[in-house]
Structure formats: C-alpha cells, structure tokens
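Engineer:
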Amino acid sequence: MKQDSHIGRLGIDTRKLGMWIFLASEIMFFTGLIGSYIVLRFANLNTWPVPSTVLNIPLTAVNTFILICSSATLVLGLASIQRGYREGLHVGLFLTVLLGAIFLSVQVHEYRNLIEDGFTISHSIFGSCFFTLTGFHGAHVFAGVVWLTVVLIRSFLGYFTPEEYAGVEIVGLYWHFVDLVWIILFTILYLI
Amino acid sequence: MSEAQVSQAVSGTESVHKQPNYGAIFWALFILTVCEIIVANLHFAKPIIVVTLVFLAIVKASLVALFYMHLKFEKYVIYIIALFPLFLAVILTVLVLFDKAPHLAA
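For the protein sequence lines, the chains are A and B, in the order given.
For the first sequence, position 106 (counting from the first letter as 1) is numbered 106 according to the working numbering, and the numbering increases by one without interruption.
For the second sequence, position 28 (counting from the first letter as 1) is numbered 28 according to the working numbering, and the numbering increases by one without interruption.
1. When burial is assigned at 16 or more other CB atoms within 10 Å of the CB, is A:G100 buried or exposed?
2. Identify, in the order they occur along the chain, each residue of the same chain with its Cβ nearer than 8 Å to the Cβ of B:V59, setting aside the five sequence neighbours on each side.
3. Under 7 Å between C-beta atoms, does B:I91 make it to chain A?
4. Kindly list the residues whose CB is nearer than 7 Å to the CB of A:V75, restricted to its own chain and excluding five residues on each side of it in sequence; keep chain order.
5. Report the three-state DSSP secondary structure of A:I192 (helix, strand or coil).
6. Does the count of Cβ pairs from the segment 56–76 of chain B and the segment 162–180 of chain A closer than 8 Å reach three?
7. Return the residue from the list B:E36, B:I49 and B:H43 that minimises the CA-CA distance to A:I57.
8. Name, going along the chain, the residues of the segment 25–42 of chain B whose beta-carbon falls closer than 7 Å to a beta-carbon of chain A.
9. I'd like to know whether the C-beta of B:V94 is nearer than 7 Å to at least one C-beta of chain A.
10. If contact means a Cβ-Cβ distance below 8 Å, which residues of the segment 71–92 of chain B contact chain A?
11. Give the DSSP-derived three-state secondary structure of A:D281 in the structure shown.
Encoded structure:
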C-alpha cells in the first residue's frame, strides 16, 4: 500500500498522527507518575535515602548509554531505507532490538540484586516509587522490543521501500519517546 | 498534487531531504550523560546540583525529540499535539512542586 493513501485532511500520514496522539497521552501518563513521585518525596524528605546509597548508578549509567545507542541505530536504519539502502535498515533494526534486549536484561539483573539486598517494592516509599516508575518504563521497553522485532521481520520480508517506510518511522517515534522518558527518569530517580 | 508535494505530505515533515547529523546528536547525548554523572558527584549545594541536572536532562530530551523524533521538521499540527500535553505536564509538576515544597515559592 502506498503511503499517500494514508494522508489525511491535515496533510499528515494518519498513522503518524495517531502515534503522536498516543504519545501525547503517554506524556500525561508519565507526568502523573512523576507528579506522584514529587509529592511522595517531599512528604518524606527526612526518610528519603540518597539514591546512590541504594542504587547502582554506574551500571544504570551504562544502561542509559545502551538505550541512547539503540535510538541512534534505529534512526540510522530509518535514514538508510529513506536512501534505499535496505541492508542498513536490517542492521539498524537488528542492533536496536539487541540493545533493547540488553537494556531489559541489565534492568532485570539490577532488580534481582536490589531484591536480594532486601530493597523491594514494599520496602519503603522510595522502593514503591522506584519499582513503579522503572517497572512501567521497562514494560514500555519490552513492548517496544516486541514491536521492533515484528518490524525487523517485516523488513526482511521486504515490506519497506524508500517510498513506504512508515512502519519504521512510527515504531521509531515510540522507541525514541521511551528513550526520552528514561532520560528524565534516570535523572530524577538515580541522580537527584 | 505534485510529486514533491506528495513526498512532503507522506512524511508529514517539512522536508524529507533534511537529515540532521545523527552522529553528532549521539555524541552530544553521550557527553551530556557523562556530564550528568560528574555533576551528580560534585560537592556543591544541593539546589545547584538539582537545577543543573534537570537542565541537562531537558537538553538531552530536547535533542531526542527535535532530531531523533524529527519534531524540528514537523508540521505545526504535530507541534501542537506534542507541546500541549508537555505544557500541562510542566504546569502539573511546577504546581505540585510549589505545593509540596513551599520554601521554593518563598
């Protein structure tokens, strides 16, 4: 199907417009979580731990770098198919899936270490906030990895061309948004 | 509709030919992340550290949104869709912050 058949009255691909509206709702979703975090943190200033005493900052910094790399590989994959270079798209998507899976693996490893040390979701308000925020973000990353895998398979099947690459562009919007949210979460949960 | 107009409408961007230097954006994000780690470990006053870290995070998030999500090249409708909830998010966060930390408003 040609992309111009999806152009709506606003002159924008309706699939892309739909994704942006979805992302707008996601902004409000994460804002609600972050707002709750601020309320709970300021209500418990005296008992709130210094994050670096509980969390593994260097490991998470590396994980943040991995997620940033995954955004770069995806955008380079998209740029490749726009120029008609299909192998570039395959490599870009494959590396993005791989880096996304590594990010999730590191997060699971981090969770396991924290839980072994007794830091669970019911340990403290900080624990509840930490696991809720990172857990919801992790669920988004998991959904992104599954979606990217489907797009990778479709790219191997030849669905994408220099004229039709909306499938890659739209999953890219979602994935970059997930990266963007992590940039904020990493700062407020781990560093501040 | 001419071929060029269709091409522009298909992507929904102002120009499909404009491609940012993704490598430069990537290294900027990497350097800013390193800066965040360094700043978080400095022994300055807490408010200075917090403001600097929030500023660095906003710069990083903006780079991702503007260049990786191509917001810089989008049509105004997409800007409105993206910025309106962001505007509400800022209002909510700032109001909650001032409500819970009255000394900040003083």
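Beta carbons are placed, not taken as given, at the ideal position from N, Cα and C, and that holds for glycine.
Structural biologist: Let me spell this out:
1. Counting from one through the first sequence, the residue named residue 100 of chain A turns up at place 100. By the neighbour-count rule (16 or more Cβ atoms within 10 Å), A:G100 is buried.
2. As a position in the second sequence, residue 59 of chain B is number 59, starting the count at 1. Take B:V59, set aside five residues on each side of it, and the residues of its chain with a beta-carbon closer than 8 Å to its own are L32, in chain order.
3. Reading the second sequence from its first residue, position 91 is the one you call residue 91 of chain B. The beta carbon of B:I91 sits no closer than 7 Å to any beta carbon of chain A.
4. The residue labelled residue 75 of chain A in the question sits at position 75 within the first sequence. Around A:V75: G172.
5. Walking along the first sequence from the start, residue 192 of chain A turns up at place 192. Correct three-state label for A:I192: coil.
6. Touching, yes, given that three or more Cβ pairs across the two stretches are closer than 8 Å.
7. Translated into positions along the first sequence, residue 57 of chain A becomes position 57. Per the Cα distances, B:E36.
8. Residues F26, L29, F30, T33, E36, I37 and A40.
9. Within the second sequence, the letter at position 94 stands for residue 94 of chain B. B:V94 does not count as touching chain A.
10. Flagged, chain order: K75, V77, I78, I81, A82, F84, P85, L86, L88, A89 and L92.
11. Outside the displayed span of chain A (1 to 192) sits residue 281 of chain A, for which this structure offers no information.
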